[in-house]
Amino acid sequence: MLKPNKVQHECSNPAGSNCSFAVLNYHRVMPIHTFWNEQVLDVGVFEQQLQQLKRFFRVLSMEQALQLAAAGKVPTNAVVITIDDGFADCYDHIFPLLQRYQLPATFFISTQGLQQGYLWENQIANAILQAPVEITMLKLQDRNFASNGKTERHQSIVAITDLIKYHPMAQRNQLIADLIAQTGVPQMHHEFVTAEQLKQMAAAGMTIGAHTVHHPILALESAETARQEIAQSKAILEQILEQPVHYFAYPNGKFAIDFSDEHVAQVRDSGFAAAFCTDWGQARPTQDCRFRLRRFTPWDRNPWFFSLRLALHIVAERYSIRFLKEWVGTHGN
Numbered sequence: 001m002l003k004p005n006k007v008q009h010e011c012s013n014p015a016g017s018n019c020s021f022a023v024l025n026y027h028r029v030m031p032i033h034t035f036w037n038e039q040v041l042d043v044g045v046f047e048q049q050l051q052q053l054k055r056f057f058r059v060l061s062m063e064q065a066l067q068l069a070a071a072g073k074v075p076t077n078a079v080v081i082t083i084d085d086g087f088a089d090c091y092d093h094i095f096p097l098l099q100r101y102q103l104p105a106t107f108f109i110s111t112q113g114l115q116q117g118y119l120w121e122n123q124i125a126n127a128i129l130q131a132p133v134e135i136t137m138l139k140l141q142d143r144n145f146a147s148n149g150k151t152e153r154h155q156s157i158v159a160i161t162d163l164i165k166y167h168p169m170a171q172r173n174q175l176i177a178d179l180i181a182q183t184g185v186p187q188m189h190h191e192f193v194t195a196e197q198l199k200q201m202a203a204a205g206m207t208i209g210a211h212t213v214h215h216p217i218l219a220l221e222s223a224e225t226a227r228q229e230i231a232q233s234k235a236i237l238e239q240i241l242e243q244p245v246h247y248f249a250y251p252n253g254k255f256a257i258d259f260s261d262e263h264v265a266q267v268r269d270s271g272f273a274a275a276f277c278t279d280w281g282q283a284r285p286t287q288d289c290r291f292r293l294r295r296f297t298p299w300d301r302n303p304w305f306f307s308l309r310l311a312l313h314i315v316a317e318r319y320s321i322r323f324l325k326e327w328v329g330t331h332g333n
């Protein structure tokens, strides 16, 4: 594996178009009848995207991409696949399809899910979906959320998740407790990849990276809490996998909104080799800060539009074509 002290300085600047690669950012892949969030892809759509990636692009492991970037030898159509969080569908749906098409990927894991079987957003969804039918309205922070039908509950899950997300962890936990008290549904099912499954994925060639412990917005936490979230997630994964964990992804991941230069320094000091945000663009580890590498999310459900937009993204970013960057960023779905 690529060691932190073997990687080129994180903010060096040798120019070269063969030093960048596209990093795809996925979250959840599930059967279409089970989800309500736009970030979730249907299993069939995800498989079609993998078919397109296999056919038209060069899918690299994280280690391969960074090594080729350091040597200035990245293929023009290079792509790295990443999946954030670590929900159960990573093992149930994503991992089998990656194996079928012999494609590598990096999974960024929030380790609280390994320890208790779910993350905070699972608690929100569970409380709302399992609430008794007579509960038709929920209230949080003087806002009302309808729960009088399936569609309304799905919409409320998204709205309440967005509301709770931008609170420090202590307030987030209190709001979730208030929600559970209203619905009377505290029990949670296991909805996360297990430690044993994670070991199987790593043994099969998948890269495992860290994504904090509790998936907080780092910018909302104290410096010490943020440092612990970063370092402890690395330590927990290394203990499970019995191997170094070199890569990190910032929760939510928008620079200057969700994390800052202070957190970039904390990630570097924790011994990671590279880290990823969710700001759109190509990853340029030899030109930009190696602990703030960009990713790209083509949400197109049509596999041909997916391939077209990804290809145009690579061209626009490599050759700094401004109008094409803007078009790629605003056309999707």
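So the sequence shown is residues 1 to 333, counted in the UniProt record's numbering.
In this text, a Cβ means the ideal position worked out from N, Cα and C, and glycines have one as well.
Just so you know, these numbers come straight off a predicted model, no measurement behind them.
Q.
Taking only three categories from DSSP, how would you classify Asn-126?
A. Numbered from its first residue, the sequence shown carries residue 126 at position 126. It is helical.
Q.
Looking at Trp-120: is its Cβ nearer than 8 Å to the Cβ of Arg-153?
A. Translated into the one-based positions of the sequence shown, residue 120 becomes position 120. Translated into the one-based positions of the sequence shown, residue 153 becomes position 153. Cβ distance not < 8 Å, so Trp-120 and Arg-153 don't count as in contact.
Q) Of all the options Arg-58, Glu-63, Ala-22, Val-29, which has the alpha carbon lying nearest to the alpha carbon of Ile-208? A) Counting from 1 along the sequence shown, the entry for residue 208 is found at position 208. Of Arg-58, Glu-63, Ala-22, Val-29, the residue nearest in Cα terms is Glu-63.
Q) Three-state secondary structure (DSSP) at Lys-139? A) Indexing the sequence shown from 1 puts residue 139 at position 139. Residue state, collapsed to three classes: strand.
Q) Do Ile-81 and Ala-105 have their C-beta atoms within less than 8 Å of each other? A) The residue you call residue 81 lines up with position 81 of the sequence shown. The residue you call residue 105 lines up with position 105 of the sequence shown. In contact: Ile-81 and Ala-105 (Cβ atoms closer than 8 Å).
Q. Do you know whose CA, among Trp-327, His-215, Lys-234, lies nearest Trp-280's CA?
A. Working through the sequence shown from its first residue, we reach residue 280 at position 280. Taking only the C-alpha atoms, the option nearest Trp-280 is Trp-327.
Q. What span of residues does the beta strand (DSSP E) with Met-30 cover, start to end?
A. As a working mapping, residue 30 is identified with position 30 in the sequence shown. 28-30 is the extent of the beta strand (DSSP E) around Met-30.
Q) From this set, Lys-325, Leu-129, Val-23, which residue's C-alpha is nearest Asn-77's C-alpha? A) Within the sequence shown, the letter at position 77 stands for residue 77. Closest by alpha carbon: Val-23.
(Q) Less than 6 Å between C-beta atoms, sequence neighbours within five positions excluded: which residues of the same chain meet that for His-313? (A) To locate residue 313, count along the sequence shown from 1; it is residue 313. Cβ neighbours of His-313 beyond the five flanking positions: Phe-296, Val-328.
Q: Could you say which of Lys-165, Ile-109, Phe-56, Gln-49 lies nearest to His-246 if we only look at CA atoms?
A: By 1-based counting over the sequence shown, the position of residue 246 is 246. It is Ile-109 whose Cα lies nearest to the Cα of His-246.
Q: Determine the direct distance from the alpha carbon of Lys-325 to that of Tyr-319, and round the result to whole angstroms.
A: Residue 319 sits at position 319 when you count from the first residue of the sequence shown. Residue 325 sits at position 325 when you count from the first residue of the sequence shown. About 10 Å.
Q: Tell me whether Arg-309 is buried or exposed, calling it buried when 16 or more other Cβ atoms sit within 10 Å of its Cβ.
A: Within the sequence shown, residue 309 is the residue found at index 309, counting from 1. That one is buried.
Q. What whole-angstrom Cβ distance do Phe-56 and Ser-307 have, given they're in contact under 8 Å?
A. For the purposes of this step, residue 56 is identified with residue 56 of the sequence shown, where counting begins at 1. For the purposes of this step, residue 307 is identified with residue 307 of the sequence shown, where counting begins at 1. Rounded, the Cβ-Cβ distance is 6 Å, consistent with contact.
Q: Assuming Leu-114 and Phe-192 form a contact by the criterion Cβ under 8 Å, report the distance between their Cβ atoms to the nearest whole angstrom.
A: Start at 1 with the first residue of the sequence shown, and residue 114 comes out as number 114. Start at 1 with the first residue of the sequence shown, and residue 192 comes out as number 192. Their Cβ separation, rounded to whole angstroms, is 7 Å, which keeps Leu-114 and Phe-192 in contact under 8 Å.
(Q) Just to confirm, is the Cβ distance from residue 370 to Ile-135 under 8 Å? (A) What the structure shows of the chain is the stretch from 1 to 333, and residue 370 is not part of that stretch, so it cannot be assessed.
Q) Hey, out of Ala-170, His-189, Arg-292, whose CA is closest to Leu-220's CA? A) In the sequence shown, the residue the question calls residue 220 occupies position 220. The residue with the shortest Cα to Cα distance from Leu-220 is Ala-170.
Q. Is DSSP giving Arg-290 helix, strand or coil here?
A. Working through the sequence shown from its first residue, we reach residue 290 at position 290. Three-state DSSP puts Arg-290 in coil, outside helix and strand.
Q.
Quick check: Val-59 and Val-43, are their CB atoms within less than 8 Å of each other?
A. Counted from its first residue, the sequence shown places residue 59 at position 59. Counted from its first residue, the sequence shown places residue 43 at position 43. Not closer than 8 Å, so no.
Q: Just confirm the distance between the C-beta atoms of Thr-212 and Asn-252, as a whole number of angstroms; I'd bet it's less than 8 Å.
A: Numbered from 1 along the sequence shown, position 212 holds the residue referred to as residue 212. Numbered from 1 along the sequence shown, position 252 holds the residue referred to as residue 252. Their Cβ separation, rounded to whole angstroms, is 10 Å, which puts Thr-212 and Asn-252 out of contact at 8 Å.
Q) For Ala-275 versus Ala-249, is the C-beta distance shorter than 8 Å? A) Translated into the one-based positions of the sequence shown, residue 275 becomes position 275. Translated into the one-based positions of the sequence shown, residue 249 becomes position 249. Result yes, Cβ atoms of Ala-275 and Ala-249 sit closer than 8 Å.
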